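Working notes for the structure below.
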Amino acid sequence: MRYDTVNEKTFSVCNKIGMSRLETSKKELTRINWKIVRRIVTFLHYNNRMKKTNIAMRCAMSYDRFIRYLDWMRSIDLVKKELDGGRVELISLSEKGIDLYQSNFKDMVNLSSN
């Protein structure tokens, strides 16, 4: 027997406080996978200033999952957003992101290439 995660009681509470089912869905990261963060930071270190879609594809991630990680990384100032030509958002590493790569991830990349 399969149970629905949003039952009648939960749905009525959501309606009372004005939340829709879309707002109750998981939009934020619950746990940080540091292998994914390392993959994104390393990619941005070698390929500076790229579009979000291209980064997600090259890091072999779904776009919505990548956006969750990007929002988290932007909130702690690891990446920065730049506008190129007024409409195109380009993502690059901030100074803090470069420091993170050089202090933590650079040695791991060198070890994995041996």
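Take the sequence shown: its position 47, counting from 1, is numbered 71 in this note's numbering, and each next residue is one higher.
By construction, the Cβ of each residue, glycine as well, lies at the ideal position given by its N, Cα and C atoms.
The structure presented is a predicted model; accordingly, all values stated were derived computationally and were not measured.
- Contact check for residue 76 against residue 115 passes: the beta carbons are separated by less than 8 angstroms.
- The three-state reading of DSSP puts residue 95 in helix, counting H, G and I together.
- For residue 53, the secondary structure class from DSSP, reduced to helix, strand or coil, is coil.
- If you draw a straight line from the Cα of residue 67 to the Cα of residue 129, it comes to about 11 angstroms.
- Residue 90 sits close to residue 79, with the two beta carbons spaced by under 8 angstroms.
- Residue 107 is not a Cβ neighbour of residue 118, given a cutoff of 8 angstroms.
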